[in-house]
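Only one structure is covered here, and it is reproduced in the block below.
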Amino acid sequence: MRGQKQTTDAMESQEDRFLKAFEDYSDALFRHASIRVSDRERAIDIVHDTFTKVWSYARAGHQIDSYRSFLYKVLNNLIIDEYRKRKEVSLDALLSVEGVDEGSFPELSENTVEALAATIDGRKAFELLAELPDVYREVIIMRFVDELGPREISDLIEESENVVSVRLHRGLKLLRDKIEATIFSKEENRLTKQKHT
Amino acid sequence: MKRFSEQLQKKALDIRLKAAEKRELRERVVSYMEYHPMLVKVQAKVRVDKNLNNELGEVTILPVNWWRAFQVAGAVFGALVLSISYFAEQAVPGDSLYAVKVKVNEELRSTLTLSPYEKVVWETERLNRRIAEARLLASEGRLTEAVEVEVANAVREHSENARREIEVLKQTDKEEATLASIQLTTALDVQTTSLRNDVNASTTEGMSTDLISSVLVETQQNEVAAGQSELPSYSRLMAKGEQETTRAFELLQSVHKVATEEEKIDIKRRLEDIERSMAEAINEATADDILAREHLIEILQRTQKLIVFMTNIDVRNSVTVEEIVPITLTTEERQAIAKKTAEEIIALLDRADVVLSATSSYAELSDKLAPASTRARADADKVLVEILVADTDLSALEAIIQNAKAITDDIAGLLNLANNVTEETVLEPEVITPEIDLELATTSASSSEEVATSSDEVREEVEVEESVSVEAI
Numbered sequence: 001m002r003g004q005k006q007t008t009d010a011m012e013s014q015e016d017r018f019l020k021a022f023e024d025y026s027d028a029l030f031r032h033a034s035i036r037v038s039d040r041e042r043a044i045d046i047v048h049d050t051f052t053k054v055w056s057y058a059r060a061g062h063q064i065d066s067y068r069s070f071l072y073k074v075l076n077n078l079i080i081d082e083y084r085k086r087k088e089v090s091l092d093a094l095l096s097v098e099g100v101d102e103g104s105f106p107e108l109s110e111n112t113v114e115a116l117a118a119t120i121d122g123r124k125a126f127e128l129l130a131e132l133p134d135v136y137r138e139v140i141i142m143r144f145v146d147e148l149g150p151r152e153i154s155d156l157i158e159e160s161e162n163v164v165s166v167r168l169h170r171g172l173k174l175l176r177d178k179i180e181a182t183i184f185s186k187e188e189n190r191l192t193k194q195k196h197t
Numbered sequence: 001m002k003r004f005s006e007q008l009q010k011k012a013l014d015i016r017l018k019a020a021e022k023r024e025l026r027e028r029v030v031s032y033m034e035y036h037p038m039l040v041k042v043q044a045k046v047r048v049d050k051n052l053n054n055e056l057g058e059v060t061i062l063p064v065n066w067w068r069a070f071q072v073a074g075a076v077f078g079a080l081v082l083s084i085s086y087f088a089e090q091a092v093p094g095d096s097l098y099a100v101k102v103k104v105n106e107e108l109r110s111t112l113t114l115s116p117y118e119k120v121v122w123e124t125e126r127l128n129r130r131i132a133e134a135r136l137l138a139s140e141g142r143l144t145e146a147v148e149v150e151v152a153n154a155v156r157e158h159s160e161n162a163r164r165e166i167e168v169l170k171q172t173d174k175e176e177a178t179l180a181s182i183q184l185t186t187a188l189d190v191q192t193t194s195l196r197n198d199v200n201a202s203t204t205e206g207m208s209t210d211l212i213s214s215v216l217v218e219t220q221q222n223e224v225a226a227g228q229s230e231l232p233s234y235s236r237l238m239a240k241g242e243q244e245t246t247r248a249f250e251l252l253q254s255v256h257k258v259a260t261e262e263e264k265i266d267i268k269r270r271l272e273d274i275e276r277s278m279a280e281a282i283n284e285a286t287a288d289d290i291l292a293r294e295h296l297i298e299i300l301q302r303t304q305k306l307i308v309f310m311t312n313i314d315v316r317n318s319v320t321v322e323e324i325v326p327i328t329l330t331t332e333e334r335q336a337i338a339k340k341t342a343e344e345i346i347a348l349l350d351r352a353d354v355v356l357s358a359t360s361s362y363a364e365l366s367d368k369l370a371p372a373s374t375r376a377r378a379d380a381d382k383v384l385v386e387i388l389v390a391d392t393d394l395s396a397l398e399a400i401i402q403n404a405k406a407i408t409d410d411i412a413g414l415l416n417l418a419n420n421v422t423e424e425t426v427l428e429p430e431v432i433t434p435e436i437d438l439e440l441a442t443t444s445a446s447s448s449e450e451v452a453t454s455s456d457e458v459r460e461e462v463e464v465e466e467s468v469s470v471e472a473i
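First to last, the sequence lines map onto chains A and B.
Read in order, the letters of the first sequence correspond to residues 1 to 197 in the working numbering.
Read in order, the letters of the second sequence correspond to residues 1 to 473 in the working numbering.
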């Protein structure tokens, strides 16, 4: 009798925890998915699938310590699946472009990532995020939008912290180049217009 | 960097679910939850690893944990085997678990017993067990002929096994063989005594253990015929004696709850006797080593008999401890008994004198009885004086007093039967010496043993009187 009551209580608390996780993280997950897949409706579906998968896992009796990490993990996997389905971008190709080397010394330093970020206009960078390869976009969103720590990101994407640092560094650098390129092209356009007038 | 992050977040925060979208998403998720409720039965405690190295797709959920099931099945099987083995210990011939008891439990223990001495002890124990089973069946009226034959064969087999082990032991350690032999013979002795009592008592019940009893007697005779080849050394006997008495004391503690108050007192008394005899044997050792060793063997037998008595509840039911291990009187007790007997003799003779002098028809009888009476009185007086001397020979005094007692009892008997007495039936007092007390008679070498008893009535009277006097002490 007592054992049965305890089981029922445990089930209720599991449901409560799950629903609370929905309230707490559904917006953040949607934002993340939305930026990554650039499709609002698809992002909603991916978030839905994330929650149903996590629920299936919990109902089977598995204990989930941290819903935040677990939800991000499932979401990330679903986004990767989405990319694979689209086949618009080959992840292998992206990785080969990147080279997946161990990175140079400045790229491995957290300070240089921060210093680099300080030189970039966030508002402009956000608009150009969609143009970045997903491997960079992924870590930049996790780090600067979702505010996940390097360790957490490395767990989620199953890469070492060094790889995370290198990707952040290179992603930011790419962003800065793109911003500068935009500014440069805008300036050129302006000068051309002036000449015409 | 903070600025960059803030700016990025500010832009990102613009991307959010509309209230309607969020509500709809929530409804979809909740309805999924309703269609897929928590599984009550599956409560496996699988924790998600913090580093989240597995993809969800790789997680395999086994509704049945086979390893756990295997463990549970193993535990159940083990418990079953143990409980069968445990319950089999209570089985008697005819029960379905009896074969498990005899062929599995006991054989296993036999195999695990390595030393030949322990093997003899174990075979003796098995022999005790068979007899206990037979006795239990007989008391319940379930002892059929077939079972009796089976038990008798088992008794024979176990004693043969024990004998074989003793023979093996003789090759390596003759002293140990003698000790093992003592173990076997005492057990046989106790069981024979107790079964004999059972046979006498059970004639009305219609279930006798005659066959088993006869097998036991036969085995016992064989054992006696085999004899004790070697007298073990003093130190070895002493060690064994100490070991056995310690065990007896421990057993007394363990039977504390089941034994009656009377039994406990009896056993305690025997243990005290044994302790005292041990002390005597130690004293004897300095003077006569062989005597001390023989004494120790006798002590060992007594102790082992006592152990068999304590460990077999059915033996306790059919015999008293006195029948197996008679009481050994202390010097003080012997002195007190001798003194009391002497006083009784004098009192009795005084009464006889009064009767003889008061009745004129007894004049002739009085003349005839006078020498005997005087002698008895003189003996009694002598005993009363000498008993106070410290290093007097107590056995000699006891012999004297027994003789005097026999004479006095005859005088008393004659006077009580005076009306029917004719000249022909009046015999010389020295000739009419009834066997008085079983215990004291063994220590006194009086002439009474060689002489025929006069009348059963006289003997019974004396026995009653004696037992009262012993109890009073």
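The beta carbon of each residue, even a glycine, is placed where N, CA and C say it ideally should be.
| Asked | Found |
| --- | --- |
| Leucine 415(B) versus Thr260(B), Thr359(B), Gln402(B), Gln90(B), residue with shortest Cα-Cα distance | Thr359(B) |
| Coarse secondary structure for glutamine 90(B), derived from DSSP in three states | coil |
| Arginine 26(B) versus Ile35(A), Gln194(A), Trp55(A), residue with shortest Cα-Cα distance | Trp55(A) |
| Own chain, CB closer than 8 angstroms to isoleucine 182(B), minus 5 neighbours either side, in chain order | Gln228, Ile297, Leu300, Gln301, Gln304 |
| Threonine 442(B), buried or exposed, once every other Cβ within 10 Å from all chains shown has been counted against 16 | Because the pLDDT at threonine 442(B) is just 40, under 50, the model does not fix this residue reliably, and the point stays unresolved. |
| Same chain only: Cβ atoms within 7 angstroms of isoleucine 79(A), ignoring 5 sequence neighbours per side | Ala33, Arg36, Val37, Ile46 |
| Beta carbon proximity, valine 164(A) to chain B, threshold 7 angstroms | no |
| Short Cβ contact (7 angstroms threshold) for serine 5(B) with phenylalanine 18(A) | no |
| CB of lysine 492(B) within 7 angstroms of CB of alanine 162(B), strictly | Residue 492(B) falls outside the range modelled here, since chain B spans only 1 to 473, and no answer is possible. |
| Residue-level contact to chain D via CB, alanine 19(B), 7 angstroms cutoff | Looking at the structure shown, chain D is missing, and the protein chains on hand are A and B. |
| Cβ distance (whole Å) where arginine 31(A) is taken to contact isoleucine 15(B) below 8 angstroms | 5 angstroms |
| Member of Val389(B), Asp381(B), Ser357(B), Thr311(B) whose CA lies at the smallest distance from the CA of alanine 187(B) | Thr311(B) |
| Per-residue burial, arginine 123(A) [other beta carbons within 10 Å of its own, 16 or more giving buried] | exposed |
| Under the three-state DSSP convention, the category alanine 154(B) falls into | helix |
| Within-7 angstroms CB hit, tyrosine 32(B) to chain A | yes |
| Proximal residues of chain B, C-beta to C-beta of arginine 123(A) below 7 angstroms | Gln7, Lys11 |
| Range covered by the alpha helix (DSSP H) that runs through alanine 248(B) | 234-254 |
| Beta-carbon neighbours of isoleucine 79(A), restricted to chain B and to distances below 9 angstroms | Simply none; closest approach about 13 angstroms. |
| Cross-chain neighbours of valine 145(A) in chain B, by beta carbon under 7 angstroms | Leu8, Gln9, Ala12 |
| For glutamate 272(B), the nearest candidate out of Tyr32(B), Thr330(B), Leu13(B), Glu150(B) (CA to CA) | Thr330(B) |
| Whole-angstrom distance between leucine 348(B) and alanine 370(B), CA atom to CA atom | 14 angstroms |
| Counted within 10 angstroms of its Cβ, other Cβ atoms place proline 37(B) as buried (16 or more) or exposed | exposed |
| For valine 164(A), the first and last residue of its enclosing alpha helix (DSSP H) | 161-196 |
| contact_flag[the segment 339-346 of chain B, the segment 401-415 of chain B] where n(CB pairs < 8 angstroms) is 3 or more | yes |
| Residue of Val385(B), Gly413(B), Ala412(B) minimising C-alpha distance to isoleucine 400(B) | Val385(B) |
| Where valine 354(B) falls: helix, strand or coil (DSSP) | helix |
| Cβ shell of serine 373(B) (< 7 angstroms), same chain only, five flanking positions each side left out | Leu349, Ala352, Ile411 |
| Neighbouring residues, chain B, relative to histidine 48(A) (Cβ below 7 angstroms) | Leu25, Arg28, Val29 |
| Proximity test, Cβ basis, 7 angstroms: asparagine 51(B) and chain A | Confidence at asparagine 51(B) is low in this model, with a pLDDT of 46, below 50, so its placement is unreliable and the value that follows should be read with caution. Cβ-Cβ to chain A under 7 angstroms: yes for asparagine 51(B). |
| Interface positions of the segment 22-45 of chain A facing chain B (Cβ-Cβ less than 8 angstroms), listed along the chain | Phe22, Ser26, Asp27, Phe30, Arg31, Ser34, Ile35, Ile44 |
| Cβ-based neighbour list, leucine 211(B), same chain, cut-off 6 angstroms, excluding 5 preceding and 5 following | Glu148, Ala152 |
| Burial state of aspartate 379(B), where buried means 16 or more other Cβ atoms lie within 10 Å | buried |
| Cut-off 7 angstroms between Cβ atoms - residues of its own chain near glutamine 14(A), not counting five sequence neighbours on either side | Ala58 |
| Valine 120(B) - containing alpha helix (DSSP H), residue span | 116-140 |
| Cutoff 7 angstroms: aspartate 16(A) Cβ touching any chain B Cβ | no |
| Limits of the alpha helix (DSSP H) - the one that leucine 112(B) falls within | 106-112 |
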